[in-house]
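Before any comments, here is the structure.
In our numbering, the protein residues as written are -9 to 125.
Given below as structure tokens:
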């Protein structure tokens, strides 16, 4: 085996690992694309307020949908959708209602969805799990 073939083989085994922030941003992009393809209109991304951060905000019909995106590169720590705790849900609800008040959309129907994005060890997206009205 020549040096070129040996290097090629060595590099093909190497894991491409994304940092947590990179993985999170990539998961948000994949979730946004997934939902837009299903007729959701993207209103805002990465909304930050005193109450907390909202990953994605969509509208479908009269409903404003706040989306929390979770990602995993394996299921040894559970699925992405299992990792949303009660405290985080409360924070997201407060942040969502604050967003609506700021926009003057207090009469809108509201929904909180959860999207789990699964990646393999090389960073390739494997699947997306969308849970409408998750909490």
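We treat Cβ as the ideally placed atom computed from N, Cα and C, and that holds for glycine.
Alpha-carbon spacing of residue i relative to residue j, whole angstroms
{"i": "residue 94", "j": "residue 53", "result": "14 angstroms"}
{"i": "residue 11", "j": "residue 98", "result": "32 angstroms"}
{"i": "residue 68", "j": "residue 102", "result": "21 angstroms"}
{"i": "residue 63", "j": "residue 43", "result": "23 angstroms"}
{"i": "residue 108", "j": "residue 9", "result": "15 angstroms"}
{"i": "residue 88", "j": "residue 117", "result": "32 angstroms"}
{"i": "residue 121", "j": "residue -8", "result": "51 angstroms"}
{"i": "residue 92", "j": "residue 26", "result": "24 angstroms"}
{"i": "residue 28", "j": "residue 49", "result": "12 angstroms"}
{"i": "residue 72", "j": "residue 119", "result": "11 angstroms"}
Contact check, residue i vs residue j, beta carbons under 7 angstroms
{"i": "residue 17", "j": "residue 32", "result": "no"}
{"i": "residue 86", "j": "residue 56", "result": "yes"}
{"i": "residue 96", "j": "residue 104", "result": "no"}
{"i": "residue 77", "j": "residue 125", "result": "no"}
Whole-angstrom C-beta distance between residue j and residue i, which should lie under 8 angstroms
{"i": "residue 61", "j": "residue 14", "result": "6 angstroms"}
Residue i classed as buried or exposed, judged by whether at least 16 other C-beta atoms fall within 10 angstroms
{"i": "residue 58", "result": "buried"}
{"i": "residue 106", "result": "buried"}
{"i": "residue 36", "result": "exposed"}
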